[in-house]
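**Q**
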Amino acid sequence: MVSQEQKDHVEQQVVDEQEEDAGVSSPDTTPTPDSALSDDKQESQPEAATTGGQQQAVRTGKRRGRARGRLVNAEEVMPKPSLWPLAVAFSIAFVLFGVIAGLVVLVIGVILLVASIVGWILERR
Amino acid sequence: MSVAHGEQVRVLEEEHGQVGERSLNWWGMVFFIASEALIFANLIAAYLYLEIRNNNDIWQLPHSNLFLPLLNTAILLGSSVSVHFAGTGIRKGNVRQLIIGLSVTIFLGACFLVGLAYEWTSLIADEHFSISSSIFGSAFFTLTGFHGLHVTIGAIFLAVCLVRATKGHFSKQQHFAVQAAEMYWHFVDVVWLFVVTLVYFVPLFR
Amino acid sequence: MATSTIGERATTIDVRRKRFSETYIGEWITTTDHKQLGLMYLITGFFFFVVGGMEALLIRTQLALPNGKVLDPDTYNQIFTMHGTTMIFLFVIPVLSGFGNYIVPLMIGARDMAYPRMNAFGFWLLLFGGIFMQSSFLFGQAPNGGWFMYAPLSELAAGHAFQATPHMNADFWLLGTTLLGISSITGSLNFVVTVFKLRAPGMSINRMPLFTWMILVMSFLLLFALPSLTVASVLLLLDRHMGAHFYQYGSGGDPLLWQHLFWSFGHPEVYILILPAFGIVSEILPVFSRKPIFGYTFIAWSGVAIGFLSFTVWAHHMFAVGLPSIAQAFFATSTTLIAIPTAVKIFNWLATIWGGKIRFNAPMLFALGFIAMFLIGGLNGAALAVVPFDYQITDSYFVVAHIHYVLFGGTALAVFAGIYYWFPKFTGKLMDDRLAKWHFWVTFIGLNLTFFPMHLMGILGMPRRVYTYPANLGWNDLNAMASVGAFIIGVGVILFMINIIKSLKAGQAAGDDPWDAYTLEWDTTSPPKKYNFLEIPVVRSRRPFYDKKYPDIADWKNVIKH
Ligand code: HEM
Ligand SMILES: [Cu+2]
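Protein chains in written order, with this note's numbering: chain A, 1 to 125; chain B, 126 to 331; chain C, 332 to 893.
(1) Distance cutoff 9 Å, beta carbons only. Does Met438 (chain C) sit that close to anything in chain B?
(2) Buried or exposed for Ser535 (chain C), please, with buried defined as at least 16 other CB atoms from any protein chain shown within 10 angstroms of its CB.
(3) Using only the alpha-carbon positions, how far apart do Ser485 (chain C) and Ala848 (chain C) sit?
(4) Report the residues of the region 265-295 of chain B with a CB closer than 7 Å to any CB of chain F, ordered along the chain.
(5) Throw me the rounded Cβ distance for the Leu566 (chain C) and Thr267 (chain B) pair, which I believe falls under 8 Å.
(6) Where does Val320 (chain B) fall in DSSP's three states?
(7) Measuring only from the beta carbon, is Trp478 (chain C) closer than 8 Å to any heavy atom that is part of ligand 2?
(8) Checking 9 Å against the spacing of the C-beta atoms, do Pro276 (chain B) and Trp245 (chain B) come in under that value?
(9) Can we count Tyr602 (chain C) as close to ligand 1, meaning its CB is less than 8 Å from some heavy atom?
(10) With C-beta atoms as the reference, is Pro875 (chain C) less than 9 Å away from Gly440 (chain C)?
(11) Any chance the CB of His735 (chain C) is under 8 Å from a heavy atom of ligand 2?
(12) Of the residues that make up the region 68-82 of chain A, which ones have a beta carbon closer than 8 Å to any beta carbon in chain C?
(13) Quick check on DSSP: helix, strand or coil for Arg289 (chain B)?
(14) Whose C-beta lies closer than 6 Å to the C-beta of Leu421 (chain C) among residues of the same chain, with five residues either side of it excluded?
(15) Quick one: residues in its chain with C-beta nearer than 6 Å to the C-beta of Gly262 (chain B), no 5 flanking neighbours on either side, listed in chain order?
(16) Could you check whether the Cβ of Thr412 (chain C) sits closer than 8 Å to any heavy atom belonging to ligand 1?
(17) Thinking Gly638 (chain C) and Leu552 (chain C) are a contact (beta carbons under 8 Å), I'd like their distance in whole angstroms, please.
(18) Could you tell me if the beta carbon of Val717 (chain C) falls within a distance shorter than 8 Å of some heavy atom in ligand 2?
(19) For Asn408 (chain C), does the count of other Cβ atoms within 10 angstroms reach 16, so buried, or fall short, so exposed?
(20) Going by DSSP, what residues sit across from Glu76 (chain A) in a beta bridge?
(21) Compare the C-beta of Ile121 (chain A) with all C-beta atoms of chain B and state if any pair is closer than 9 Å.
(22) When the Cα atoms are used, what is the spatial distance from Asn779 (chain C) to Gly708 (chain C)?
(23) Can we say the region 596-613 of chain C touches the region 726-743 of chain C, given the rule of at least three CB pairs closer than 8 Å?
(24) Out of B:Asn167, B:Lys292, B:Leu223, B:Tyr174, state which residue places its alpha-carbon closest to the alpha-carbon of Phe271 (chain B).
(25) Mind checking who Ala840 (chain C) pairs with in its DSSP beta bridge?
(26) Closest to Pro599 (chain C) by C-alpha separation, out of C:Phe775, C:Trp645, C:Thr856, would be which residue?
(27) Thr362 (chain C) versus chain A: which residues are under 7 Å apart at the beta carbon?
(28) Report the three-state DSSP secondary structure of Glu353 (chain C) (helix, strand or coil).
(29) With 9 Å set as the bound, which would you pick, yes or no: does the beta-carbon of Val88 (chain A) sit closer than that to a beta-carbon of chain C?
(30) If contacts are defined as beta-carbon pairs under 8 Å, then Met449 (chain C) and Thr517 (chain C) qualify, I think. What distance do you get, rounded to the angstrom?
(31) Nearest chain C C-beta to Ala93 (chain A) closer than 9 Å, yes or no?
(32) Going along chain A, which residues have a C-beta under 8 Å from Gln133 (chain B)?
(33) Would you report the Cα separation of Gly481 (chain C) and Phe596 (chain C), rounded to the nearest angstrom?
(34) When the Cα atoms are used, what is the spatial distance from Asn286 (chain C) to Asp878 (chain C)?
(35) Taking Cβ-Cβ distances shorter than 8 Å, what residues in chain A pair up with Thr895 (chain C)?
(36) Would you verify that the beta carbon of Ala159 (chain B) is, or is not, closer than 9 Å to some beta carbon of chain C?
Put into structure tokens, the structure is as follows:
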């Protein structure tokens, strides 16, 4: 059901630029979480050498000492707003209310539910 | 809370998972199926609880005809093969194989449901065995009905995938929906093995 | 904290029309941002807290004096049922998932939850489920079978002789909890995957903040416990509407099946309600004692142990139904066992405070109150695990005392602690500490005045859920005390609301890190930017933000590397 989201993630992980290979995260960074990194150079240097290459499947990510990466527009990493969650939730509630209230409500609810699920699936993300 | 246009943030490569790792959605699907599996575990536990409590009467269907359940089992197992065929297809980027596999699976799923419906109607109409006729009836129709419901959902899921496949939504890289539908279908099949054993075969050994 | 490479690019002037999702209302109802959803969960939860609180006051008014006639008996049943249901399903769970939603991604250095749309979906289901449930009052048919909806009381026709719940009361409950259940399932899927897959580089599983740990365990419990409730509800609905016989003794069914199914959900559920509270307290105590948490590993893994054990103890709610004695022995043992990991936590918390430079701000006060009250609740829980004792006081007010010491003295105090702790992060404003202390003491006194006498009432034989009682049983004073206490708690809640409103309007600016805290959520602006972190932080110890602030004495420089 969430296949569109999946696409998104796939797209983003495919793009992988190798800017700033020099090994310095950014010139003269003011204290950031990685400010202590300079002490850690020796430890992380060899890793950086490998991850700079194309095989990022090597799981160095979690222990790497340096936050490298590329700059993107903030909007790109944030989830897009969507009305469909509300619509699907409402229709489910409606369907269950139909169980109590009778067939007419139930049928309307099912139609709403199908429509909103389709909307959810087809929404371009 | 909105963000000024043009504001930039830094993205790590690994933020969205490594290539070759299972995707987020795969994990979500696994836990979802685990939770669904527990629904069946509870249903089966309830079935056994009631069966044991009614130790005196043997819980055997009035017609005790094993042909239909065996046929249905064969159909479902076959459909597991065909859905796997579809999945392998798209993993190789072969959309045609995907479409064929999905169509066959949906067809088999429909056959299964027809078989179930046939059994239900004959039980209800000919044998007067229904959900309210006895506690065994309640348990039988609920368990098989729940499973049938899941087959239906799975078939709809596959049908959606089929439509999308014909529209060219899937490729070698992007086909999570197919993968999820495949996982779900295998799950439904495995559940059937438990159901059929419990309902049809266990009474034979009592 | 922007670094030199990161800044705002010149804003291109954009003259398109506002999209719907950018209007004020549109932004709320289309949001998929974990922080906004977290706040929406919290607001919804507190709304229902007030609803449930009103119901509680009605109950206590009815019981304040012997032979009370404030409510009629049927309404009384509806009110106490809805009180329990509302507090558990519509207050505690939403508020805890609200904290989880807001805080967990920040704590683990992620930009959002794994599935933002599902997250929104879970929230809306919760809201509609809540409305669904409460709307039953409009029909005059609110659920009336107690929060555990025992069959055959909740059956339409129990056997052929009499109609137990002929109207829709039970249906509202069954369908409502189903909605809320789906909501919780989506929520916990989201938490599990988020915590497993979206942690910042370096945040290994044993560097995760304890709150995150507890949310993780809670999510697993929800995932694996809720199916029992779903099945129980479906079977009951089939009984009620399709003529099945699952819970009808005369036709071969068994009401105890309901109890087994319900409690195999219900007991994990009570730990679902307390584990995140453990997490909140485990975050607050170290910050306000200026020490790292003591026994991190023990706290984390005792949480996991509690999670596992909680699936093995359900029948301690059924000691009086005539289980075989071997089963009673088993469940009494497992129940007592569960007290061990619980006590481990308490000792760890005490050791955390021990020798610390304690600051008695409101969050700390509430956290300390939590420990004390939860201790009482845990101890009388252990008393309930003793089968012969339980025979005497099960279904009496003693049980009511137990659940309120753990849930109100425990979870609710921890929730308040969490609000006082994270409010500056949510809003950028400090809360009024003096008013908060008033809130604490009023609540603390009120809660002990209300719930302590209930132990005695129970021992004196007052059954829970009775409509009223005659004057000559010696319960009068205790009941009067409890009712006074309930209204004192009510005053406390009003103080809390005043504080919220006042602080929102005129609270002092908090800055990004008012408590000099340790975890990553404080490494953002207050309130955090929508994308949380400009740059995903890199974690090198259990207190990443502390390391960043005090690089010379950073944790990871210590001998022990985690
Ligand atoms: C130290 C660990 C605990 C033990 C040994 C324990 C034991 C028990 C026992 C034996 C009962 C059944 C009483 C009866 O109905 O006769 C009970 C009821 C209950 N417990 Fe606990 N408990 C513990 C902790 C907790 C916690 C942490 C919570 C929730 C936050 C909790 C919530 C409840 C609730 C809600 C009930 C009442 C259910 C009902 O009948 O409505 N307990 N407990
Ligand atoms: Cu319990």
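We treat Cβ as the ideally placed atom computed from N, Cα and C, and that holds for glycine.
**A** Inspection of the coordinates gives the following:
(1) no
(2) exposed
(3) 50 Å
(4) Among the protein chains in the structure shown, which are A, B and C, there is no chain F.
(5) 7 Å
(6) helix
(7) no
(8) The amino acid occupying residue 276 (chain B) in the given sequence is Val; Pro does not appear at that position. No, they are not a contact pair.
(9) yes
(10) yes
(11) no
(12) Gly69, Leu71, Ala74, Val77, Met78, Pro79, Lys80, Pro81, Ser82
(13) helix
(14) Phe379, Gly461
(15) Phe254, Ser255, Ile256
(16) no
(17) 6 Å
(18) no
(19) buried
(20) Per DSSP, none; premise fails for Glu76 (chain A).
(21) yes
(22) 11 Å
(23) yes
(24) B:Asn167
(25) C:Lys760
(26) C:Trp645
(27) Pro81
(28) helix
(29) yes
(30) 5 Å
(31) yes
(32) Leu71, Val72, Asn73, Ala74
(33) Reading off the sequence, residue 481 (chain C) comes out as Tyr, not Gly. Straight-line Cα distance between these residues: approximately 14 Å.
(34) For residue 286 (chain C) there is no data in the structure shown, the boundaries of chain C being 332 and 893.
(35) Any answer about residue 895 (chain C) is impossible in this case: the structure gives chain C only from 332 up to 893.
(36) yes
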